[in-house]
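Asker: Under this note's numbering, the first residue of the sequence shown carries the number 1, and numbering increases by one thereafter. Beta carbons are placed, not taken as given, at the ideal position from N, Cα and C, and that holds for glycine. Because the structure is a prediction, the values reported are computed rather than measured. My structure is below; once you've seen it, I'll send some questions.
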Amino acid sequence: MNDPVRISQNTFESDGFLVVRGLRNRTFCSRARAEVCEQLEPLLGPAEFEADVGYPGAPKGRAEEGGMTPRRLLSAYARFSRLRGLAVAEDVGELLRGLGLGEQPMLSQGHHNCVMTKHPGYSSATLWHQDVRYWRFDRPELVSMWLALGDENVKNGALRVIPGSHLLSLDRGRLDAELFLRPELEENKVLIREAVPVELAAGDVLFFHSRLFHAAGKNRSSDVKLSAVFTYHAADNLPIPETRSAIYPSIPVR
Ligand SMILES: O=C(O)CCC(=O)C(=O)O
């Protein structure tokens with residue numbers, strides 16, 4: 001009855017997310033952070049810029065002030081050795097198996113697989129969305145792991161999630177052209193009022209379902225916020241051939 005694994009599974013099934021405190025210690029995080037910072041200045045690609053995302057508050061083009069602020073360092077698995085180890089680690093595999101990804105969870109190299117770099121000054125807000133909106137798999141049942149490399153709070157743009165929203169089937173009209181929730185609709189306002197912030201300390205991990213609605217604010221602190229994000233699928237839940245989801249082979253987790 002009080003089995004912590006069972007409790008975690010139940011929480012994840014009903015809420016669509018689970019926070020595991022202290023999955024990695026502060027030493028791991030500061031070393032991983034140092035590796036990331038070495039590639040931030042000077043910036044090494046591949047990267048995505050604030051100007052590319054088109055989110056509210058983002059500079060309109062790369063040539064505008066702040067337009068070249070990096071937003072995501074891509075291909076994290078290939079280029080950061082500590083994060084590569086974490087992404088396929090045995091304890092991560094065990095957690096993912098418990099969250100319903102079957103005996104052999106697989107790491108997708110095509111989605112997330114990045115370090116989110118939310119800079120003060122030019123960071124934009126991310127509106128309410130489900131990650132699966134542009135992902136193409138047999139089933140929309142993927143799980144992302146978000147590791148805080150430093151503390152995350154409302155001030156520096158922590159994620160907010162709507163518990164249980166991964167179970168909703170919303171009419172298409174409640175979403176805009178880009179599949180973000182339309183904030184002006186009364187029924188969406190009611191839904192958004194249920195949101196909770198996910199505040200994390202360095203080393204805490206958030207697991208969340210690919211259908212969970214989530215959003216995040218701008219970074220209003222004076223330090224860059226760094227979070228490593230990886231996405232997983234079950235071995236029998238395959239990417240649809242010739243889509244972006246199938247662009248690289250997935251990696252088995254230990
Ligand atoms: O940190 C943020 O702004 C949220 C990023 C996010 O939700 C995403 O990339 O899917």
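Could you pull out every residue in the same chain whose Cβ sits closer than 6 Å to the Cβ of Val36, ignoring the five residues on either side in sequence?
Answerer: Excluding positions up to five away in sequence, the list reads Val115, Leu226.
Asker: So the beta strand (DSSP E) Phe207 belongs to, where does it begin and stop?
Answerer: From DSSP, the beta strand (DSSP E) with Phe207 extends over 205–209.
Asker: What is the C-beta distance between Gln130 and Arg211, in whole angstroms, given that I count them as a contact (C-beta under 8 Å)?
Answerer: Yes, they are in contact, since the Cβ atoms of Gln130 and Arg211 sit about 5 Å apart, within 8 Å.
Asker: Can you list the alpha helix (DSSP H) stretches of 4 or more residues lying completely in the segment 137–214, in chain order?
Answerer: Fully enclosed alpha helix (DSSP H) runs of 4 or longer: 186–192.
Asker: In whole angstroms, what is the alpha-carbon distance linking Leu107 and Arg139?
Answerer: Leu107 and Arg139: Cα-Cα distance of roughly 15 Å.
Asker: If we require 3 or more residues per run, which beta strand (DSSP E) segments fall completely within the segment 101–142?
Answerer: Within the segment 101–142, the complete beta strand (DSSP E) runs of at least 3 residues are 105–108, 114–118, 126–129.
Asker: In three-state DSSP terms, what is Pro239?
Answerer: In this structure, Pro239 counts as strand in the three-state DSSP scheme.
Asker: So, with DSSP's three-state summary, where would you put Ser221?
Answerer: Here Ser221 sits in coil by DSSP.
Asker: As a quick exercise: from Ala177, Asp91, Ala216, Leu185, pick the residue whose alpha carbon is nearest that of Val5.
Answerer: Ranking the options by Cα distance to Val5, first place goes to Asp91.
Asker: For Pro120, which of Asn188, Arg160, Thr69, Gly150 has the nearest alpha-carbon?
Answerer: The candidate whose alpha carbon is nearest that of Pro120 is Thr69.
Asker: Rounded to a whole number of angstroms, what is the C-alpha to C-alpha distance between His95 and His112?
Answerer: First, the residue type needs correcting, since residue 95 is Leu and not His in the sequence shown. For Leu95 and His112, the distance between alpha carbons rounds to 19 Å.
Asker: Anyone know if the C-beta pair for Pro183 and Ala158 falls short of 8 Å?
Answerer: Not closer than 8 Å, so no.
Asker: So, does the segment 45–53 touch the segment 201–216, judging by three or more C-beta pairs under 8 Å?
Answerer: Output reads no: the segment 201–216 does not touch the segment 45–53.
Asker: Mind checking whether the beta-carbon of Met106 lies closer than 7 Å to any heavy atom of ligand 1?
Answerer: Checking every heavy atom of ligand 1 against the Cβ of Met106, none is found closer than 7 Å.
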